[in-house]
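Protein chains in written order, with the numbering used here: chain A, 112 to 444; chain B, 112 to 444; chain C, 112 to 444; chain D, 112 to 444.
Protein chains: 4
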Amino acid sequence: MINIALFGLGRIGLMHGKNLMRNKNFNLKYVYDINKNLTKNTAKKLKAIPINKPSIAFNDKKLEAIFIASTTATHIKLILEGVKNKKAIFCEKPLDLSIYKVNYCKKKISKFNPKIQLGFNRRYDPGHNSLKKELIKGKIGKLEKIIITSRDPAPPSIKYLKQSGGIFRDMMIHDFDLTRFYLGKDEPSNLIASASNISDKKFNKIKDFELATCLIKSKNGVQCVITNSRHCSFGYDQRVELFGSKGMIVSENKREKETSLYSNNFTSSKSSFMHFFIERYKEAYKLQLIDLAKFIKKNIKPLCEFEEGRKALIMANAANKSLKSKKFEKLIF
Amino acid sequence: MINIALFGLGRIGLMHGKNLMRNKNFNLKYVYDINKNLTKNTAKKLKAIPINKPSIAFNDKKLEAIFIASTTATHIKLILEGVKNKKAIFCEKPLDLSIYKVNYCKKKISKFNPKIQLGFNRRYDPGHNSLKKELIKGKIGKLEKIIITSRDPAPPSIKYLKQSGGIFRDMMIHDFDLTRFYLGKDEPSNLIASASNISDKKFNKIKDFELATCLIKSKNGVQCVITNSRHCSFGYDQRVELFGSKGMIVSENKREKETSLYSNNFTSSKSSFMHFFIERYKEAYKLQLIDLAKFIKKNIKPLCEFEEGRKALIMANAANKSLKSKKFEKLIF
Amino acid sequence: MINIALFGLGRIGLMHGKNLMRNKNFNLKYVYDINKNLTKNTAKKLKAIPINKPSIAFNDKKLEAIFIASTTATHIKLILEGVKNKKAIFCEKPLDLSIYKVNYCKKKISKFNPKIQLGFNRRYDPGHNSLKKELIKGKIGKLEKIIITSRDPAPPSIKYLKQSGGIFRDMMIHDFDLTRFYLGKDEPSNLIASASNISDKKFNKIKDFELATCLIKSKNGVQCVITNSRHCSFGYDQRVELFGSKGMIVSENKREKETSLYSNNFTSSKSSFMHFFIERYKEAYKLQLIDLAKFIKKNIKPLCEFEEGRKALIMANAANKSLKSKKFEKLIF
Amino acid sequence: MINIALFGLGRIGLMHGKNLMRNKNFNLKYVYDINKNLTKNTAKKLKAIPINKPSIAFNDKKLEAIFIASTTATHIKLILEGVKNKKAIFCEKPLDLSIYKVNYCKKKISKFNPKIQLGFNRRYDPGHNSLKKELIKGKIGKLEKIIITSRDPAPPSIKYLKQSGGIFRDMMIHDFDLTRFYLGKDEPSNLIASASNISDKKFNKIKDFELATCLIKSKNGVQCVITNSRHCSFGYDQRVELFGSKGMIVSENKREKETSLYSNNFTSSKSSFMHFFIERYKEAYKLQLIDLAKFIKKNIKPLCEFEEGRKALIMANAANKSLKSKKFEKLIF
């Protein structure tokens, strides 16, 4: 069993904590949150030791790994500390909002040859992931188009949005990474974005966007389209379509139950999609832990590491830049 | 071009007339209906000669074929006359409501070796028909179950119903024939039916049923289920499911347009099914004419002949009998 | 927390044990199996006390409930013992293969007013269950037809089959109960079955059937069709279709992932269904435990009790009887 | 009946000719093609008078309308001639490959207040068209995204491609128009395209592209994505998705038959899409004739006129320009 400490006990932290507790490979030893009461209560739930400063975990020689689910601003600092203390690290996305800090971190940690897994959950989704497998098997021939649709059921709070870094660094970053996942060795080379607010004008006030679209071209000429929306009246819309010279594969939305209603004016009306990321990517969250255990114990590379976080951030920055330049921005990783 | 006369110019007669007019193999020479005005008007539309008695057609040596779309009660008489006059015959379903008359007719015409094609349109539906082809190709291994669903959008008039012969001889007769189509050499051997009225009590008054279900067993043990309803709030429901040892093939409903609506409470809500038989089996009606032409010109057997009409009627009668006996009735063809 | 003992630690027993362990309402105190090693090992996994005879559990005054997942032959005896000792009981289906033993048990326990929940998992499936809710809300008007399809991916071992009681008492019993679930106060009144073997002749040797179909009529005239198969090349096929005067609702199959492949000869080819009952009815197994806790703590009736087990067995027996009589058998509950 | 002359008797011309012949509003009086034999043979098929120069039609005072289905290069000349001779005009897309010629034509004909209907068939497709209706009804709230997918089953001949004007003016021009159709009064304002060749290198030689994607922004901020491919292994892929503040509507692909195959490794595998435009847009081609008749007889505006052809060409030109500038091009209509 791998002794691990969990930093950050908010909604997603608690979910990771439960998954760690139920996974046989891990012993969730410590939990920490800046909120002491939350730390105490969650420790009880997760049968872990509450600690009031991360250093206790870092200094525990028997602790092998840390799991970072705290706010974005704390990620780099915890990574640096973790690497220095020879801990394997799982870090939620994004690494940071500043590419300078991320590059600085990269330089600092490089000599340690660290084990850092990034939390891009979608690579682990059974549907999205199977597309990659089919692609490798040659089921659709040469990859020519990637169409990713990602729409949140409803926007987060203004408070969250203000600190989020904007739609590209907070939300579309998942899809930038997914694009790289499917492209494989063929990296994205150019990118242009479009963003606007139509229904919900509050986004204008904070200079952010509810709607965004991105067009990416890879070195080989693959054309990628990402479509994002901060709201979606019919639920969490999560789809990927890969088009190739010999076929197409699509990962479609999932529903809690597969019922259909037929009536006077319509036929085969289905129920709602799974509500949001915790339900929709439930399996993915479990599967990435299995990869984390293999990474730590057997040094088998997981599907995404530090570099994936860094490169996705570079793409998000290019998207922002293109909004002003109104032209294709070159991606330099 | 085959010179043909059309008898019966009601809704379905007119449709057949238009199809005959547009089919290059046929010259629709005469049209006849008991209603003289209708005959005259329709003749104009179809660019045919109106006749006021069928004998004109029968006596025309250059006329090769007759197309019977008149009321059921007239079918046998016209067939007998047609055969005697060496005309090829297309006859709409059912042959007659009386198996005695049908058997009598069979005996009378047998020495003439007549060409009689029956109007069981579903055998020609591109969807239902392709199931037969896949079955023959072995796509689902050995056939084990046949599930047929057939629901009309709304019941016909009481006047029609009273003369219809009841749900088994008027409506389910299509599905009895379809069962035989899929079974091929393995004929149905036993049959039991259930029938009831739940929502629309008018059927009780005329001793008919709005809802019926039939369970048929073939000689080889294939289990067939037919589900009928005289009403269907969501349209004309027409499905066939064939289950076999190695797979399943389904012929599903068709829609005029393939649109989906997503909203607050539902996802992927589709539009209505094609309204009724004229729209739903449009292709089938054209395809059976192609077979008719081949039958007449090249003596290639069509998908259904006189015997199909006779056997389906025997099944309908057995269904009615089983309602009283409440037991499986043996099918003796 | 409800102290509970689990009897029977086979595949399904272990699954129930894990669910009990993770459910906050229960404290899985004891585990017992006739196989002592299995008891010991499973006890460790489930953090429970291994016992070498059920009486230890029955005599524990602090134990509130027993969970019976042992072989069918042991059910009635454990129920009688449990009721006598004032334990609440969860019993897997079927109650027993003998209606005499079940009726005897019913009489014996009646004075105790016992709490016995039956393990008809499908009533708890989010899809199948939501159909019942829609039906009650009047979404499809008056219920007119119930079509249930249930096909296992592959037959169980001959050893299992020999003791199973046959396809009606072992497999279709689920669907008999489901029929009653949807019919509600309108009980089934007549039933006729058909059964055969086409592909797999081993069933003939043990006088059992791989394929079965049942036609049931309710007091109100609802026509119900159940279609069963012991094999299904494309997976665990589990569907329910309710047709009513104003619409139709269908509970369709579920897949682990919702991917589609498009290629030369086909479009929108989907992945396999969830493999078998443990995966397909995963949610149902959890939800029935929630009902069990409410039953025990708040005396809220669960979706199925002892009588549901008894009545479903009566239907299975009638099905067997009808195979010989070849007629509709009356259902007398 | 409207006397009409058909110019151009190639594949699409013949199809229009048959539709005109079957439409009660039209009398197909003349047919003309540069190929005299073709003119003669087609005239026979369509029961029209073959003419060996268009002027015969233009000079016939009783001829009300001309239908232009000849090669693109002839369109403007025929329009000018037609307008001068006071004929109503139906012209296939595109108007011309040169915006200068189109603008010149616009100026020349403006004083005549001519009736010119453009052949953007997709506006008339029952599926694509119903999306517009739902949008107007407010079914999806405010329009926010338009996603159009259009993929041809296989590229046309090199000969055709060389004269086609390239993927944007020949193929995507349909989708540019469709975008304008849905946007309505909110016109597209900026556009950027991406194009490449991955599988089929012959396109490089003729400086054209097999794959293209376009990102368009409207004045109101609606984000539109068009995805084109000159090949598609699984058939003619034609989809439109409209996303709005309150829902989404999708027009999906159509199939000749709705059958599904289930087997060992897959479930619900559907048959191929309708082959190509003549089959897929069969209804649309008929419906645009109905509009043409209303335009001519009752002066009711059709869904697309000369300006639609001109504006779509401006968009295609902007797409080509953006390939070089690599930036958003402003659309000035």
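Built from N, CA and C at the ideal position, the CB exists for glycine as well. Only a predicted model underlies this, so the values are computations on that prediction, with no experimental measurement involved.
**Study point:** Boundaries (first-last residue) of the beta strand (DSSP E) holding C/L191
**Key:** Position 80 of the third sequence, counting from 1, holds the residue named residue 191 of chain C. Careful: C/L191 lies outside any beta strand (DSSP E), inside the alpha helix (DSSP H) at 186-195.
Practice item. Determine the contact status of C/N138 and C/N170, defining contact as a CB-CB distance below 9 Å. Key: Within the third sequence, numbered from 1, the residue matching residue 138 of chain C stands at position 27. Within the third sequence, numbered from 1, the residue matching residue 170 of chain C stands at position 59. Between C/N138 and C/N170, the CB-CB gap reaches or exceeds 9 Å.
Exercise for review: Please list, in chain order, all residues of the same chain as B/L372 whose beta carbon is under 7 Å from its beta carbon, the five residues on each side excluded.
Suggested key: The count along the second sequence starts at 1 and reaches residue 372 of chain B at position 261. If we look at B/L372 and ignore the five residues flanking it on each side, its Cβ neighbours are S380.
Review point. What residues match up with C/K312 in a beta bridge as DSSP calls it?
Key: Indexing the third sequence from 1 puts residue 312 of chain C at position 201. Note: C/K312 sits in no beta bridge, so no partner.
Exercise for review: For A/M359, go through chain D and note every residue whose CB falls closer than 7 Å to its CB, in chain order.
Suggested key: One-based indexing of the first sequence puts residue 359 of chain A at position 248. Counting only Cβ-Cβ distances below 7 Å, A/M359 has contacts in chain D at F345, in chain order.
Point to revise | Interfacial residues, the stretch 379-410 of chain C to chain D, with Cβ spacing under 9 Å | key: Flagged, chain order: S379, S380, K381, S382, S383, F384.
Review point. Does DSSP put C/F417 in a helix, in a strand, or in coil?
Key: In the third sequence, residue 417 of chain C corresponds to position 306, counting from 1. Helix at C/F417.
**Study point:** Rounded straight-line distance, which links the Cα of D/G128 to that of D/L117
**Key:** On the fourth sequence, residue 117 of chain D is found 6 positions in, with the first residue counted as 1. On the fourth sequence, residue 128 of chain D is found 17 positions in, with the first residue counted as 1. Counting only the Cα atoms, D/G128 lies some 7 Å from D/L117.
Review point. Are the CB atoms of D/K173 and D/I160 nearer to each other than 9 Å?
Key: As a position in the fourth sequence, residue 173 of chain D is number 62, starting the count at 1. As a position in the fourth sequence, residue 160 of chain D is number 49, starting the count at 1. At a Cβ-Cβ threshold of 9 Å, D/K173 and D/I160 do not count as neighbours.
Practice item. Identify which residue in D/K248, D/A423, D/D207, D/V194 has its Cα closest to the Cα of D/K108. Key: Coverage of chain D is limited to positions 112 through 444, which leaves residue 108 of chain D absent and any answer about it impossible.
Check your understanding: Within this structure, are the beta carbons of A/K328 and D/S305 separated by less than 9 Å?
Key -> By one-based count along the first sequence, residue 328 of chain A stands at place 217. By one-based count along the fourth sequence, residue 305 of chain D stands at place 194. Cβ atoms of A/K328 and D/S305: closer than 9 Å.
**Study point:** Local conformation of B/E203 per DSSP, three classes
**Key:** One-based indexing of the second sequence puts residue 203 of chain B at position 92. Collapsing the DSSP output to three states places B/E203 in a strand.
Point to revise | chain C within 9 Å of A/S451, Cβ atoms only | key: Since the displayed chain A opens at 112 and closes at 444, residue 451 of chain A lies outside it and no answer follows.
Exercise for review: Specify, as a first and last residue, the run of the alpha helix (DSSP H) that D/A168 falls within.
Suggested key: Residue mapping note: residue 168 of chain D aligns to position 57 of the fourth sequence, counting from 1. Element bounds for D/A168: 165-170.
Review point. Contact between the stretch 188-207 of chain C and the stretch 388-397 of chain C: three or more CB pairs below 8 Å?
Key: The stretch 188-207 of chain C vs the stretch 388-397 of chain C: no contact.
Exercise for review: Could you run through the stretch 232-243 of chain A and flag, in chain order, every residue whose CB is less than 7 Å away from some CB of chain C?
Suggested key: Residues of the stretch 232-243 of chain A whose Cβ lies closer than 7 Å to any Cβ of chain C, in chain order: P237, G238, S241, L242.
Exercise for review: Leaving aside the five residues before and after A/E192 along the sequence, list all residues of the same chain whose C-beta is less than 6 Å from its C-beta, in chain order.
Suggested key: Locating residue 192 of chain A in the first sequence gives position 81, where the first residue counts as 1. Around A/E192: F169.
Exercise for review: Using a cut-off of 7 Å between C-beta atoms, extract the partners of D/Y373 located in chain B.
Suggested key: On the fourth sequence, position 262 is the one that residue 373 of chain D refers to. Near D/Y373 (Cβ distances below 7 Å), the residues of chain B are G358, M359.
Check your understanding: Pick from A/D402, A/G420, A/A395, A/N339: whose alpha carbon is nearest that of A/M126?
Key -> Locating residue 126 of chain A in the first sequence gives position 15, where the first residue counts as 1. Of the candidates A/D402, A/G420, A/A395, A/N339, the one whose C-alpha sits nearest the C-alpha of A/M126 is A/A395.
Exercise for review: Indicate whether A/S374 and C/M359 have their beta-carbon atoms separated by less than 9 Å.
Suggested key: Taking the first sequence and counting its residues from 1, the one referred to as residue 374 of chain A is at position 263. Taking the third sequence and counting its residues from 1, the one referred to as residue 359 of chain C is at position 248. Taking a C-beta distance under 9 Å as the contact criterion, A/S374 and C/M359 qualify as a contact pair.
Check your understanding: By DSSP, does A/Y215 sit in helix, in strand, or in coil?
Key -> For the purposes of this step, residue 215 of chain A is identified with residue 104 of the first sequence, where counting begins at 1. Note: A/Y215 maps to helix in three-state DSSP.
Review point. Distance, Cα to Cα, C/I269 vs C/R291?
Key: The sequence position of residue 269 of chain C within the third sequence is 158, counting from 1. The sequence position of residue 291 of chain C within the third sequence is 180, counting from 1. Their backbone Cα atoms lie some 30 Å apart in a straight line.
Review point. Ordered along the chain, which non-local residues of its own chain (more than five positions away) have a Cβ less than 7 Å from that of A/M385?
Key: In the first sequence, counting from the first residue as 1, residue 385 of chain A sits at position 274. If we look at A/M385 and ignore the five residues flanking it on each side, its Cβ neighbours are Y347, K365, R366, E367, R391.
Point to revise | Proximal residues, the stretch 250-274 of chain D versus chain B, C-beta separation under 7 Å | key: For chain B, the residues of the stretch 250-274 of chain D that bring a beta carbon within less than 7 Å of one of its beta carbons are K250, in chain order.
Exercise for review: Please state whether DSSP places B/I401 in a helix, a strand or coil.
Suggested key: One-based indexing of the second sequence puts residue 401 of chain B at position 290. Residue state, collapsed to three classes: helix.
**Study point:** Residues that B/E416 contacts on chain D, provided the C-beta gap is smaller than 8 Å
**Key:** Walking along the second sequence from the start, residue 416 of chain B turns up at place 305. Result: empty, since nearest Cβ-Cβ is about 25 Å, beyond 8 Å.
Check your understanding: What are the residues that DSSP puts in a beta bridge with D/P225?
Key -> Position 114 of the fourth sequence, counted from the first residue, corresponds to residue 225 of chain D. Secondary-structure assignment with DSSP links D/P225 through no beta bridge to anything.
Check your understanding: Does the separation of the CB atoms of C/N134 and C/K405 fall below 9 Å?
Key -> Locating residue 134 of chain C in the third sequence gives position 23, counting from the first residue. Locating residue 405 of chain C in the third sequence gives position 294, counting from the first residue. Judged by their CB atoms, C/N134 and C/K405 are not nearer to each other than the 9 Å cut-off.
Practice item. State yes or no: is the C-beta of D/T260 within less than 9 Å of the C-beta of D/T338? Key: Translated into positions along the fourth sequence, residue 260 of chain D becomes position 149. Translated into positions along the fourth sequence, residue 338 of chain D becomes position 227. Against a cut-off of 9 Å, the Cβ pair of D/T338 and D/T260 comes out as a contact.
Practice item. Specify, as a first and last residue, the run of the alpha helix (DSSP H) that D/F388 falls within. Key: For this step, residue 388 of chain D is matched to residue 277 along the fourth sequence. Going by DSSP, D/F388 is part of the alpha helix (DSSP H) stretching over 388-391.
Practice item. For C/C325, collect the residues of the same chain with a Cβ closer than 6 Å to its Cβ; drop the 5 residues on either side in sequence, then sort them by chain order. Key: Walking along the third sequence from the start, residue 325 of chain C turns up at place 214. Hits under 6 Å: A304, I337, A430.
**Study point:** Three-state class that DSSP yields for A/M282 in the structure shown
**Key:** Here residue 282 of chain A is taken as the residue at index 171 of the first sequence, counted from 1. A/M282: coil per DSSP, three-state reduction.
Practice item. Assuming C/L254 contacts C/G355 (C-beta within less than 8 Å), just tell me the rounded distance between them. Key: Residue numbering aside, residue 254 of chain C sits at position 143 when the third sequence is read from its first letter. Residue numbering aside, residue 355 of chain C sits at position 244 when the third sequence is read from its first letter. Correct: roughly 5 Å between the Cβ atoms.
Practice item. Give the residues of chain D in contact with B/N364, contact being defined as C-beta atoms less than 8 Å apart. Key: Against the second sequence, residue 364 of chain B aligns to sequence position 253. In chain order: E369.
**Study point:** the stretch 223-236 of chain A contacting the stretch 412-419 of chain A, beta-carbon criterion three pairs below 8 Å
**Key:** The stretch 223-236 of chain A, when compared against the stretch 412-419 of chain A, does touch it at the 8 Å Cβ threshold.
Review point. Can you give the Cα-Cα distance for C/I190 and C/K273, rounded to whole angstroms?
Key: For the purposes of this step, residue 190 of chain C is identified with residue 79 of the third sequence, where counting begins at 1. For the purposes of this step, residue 273 of chain C is identified with residue 162 of the third sequence, where counting begins at 1. Roughly 24 Å separates the two Cα atoms.
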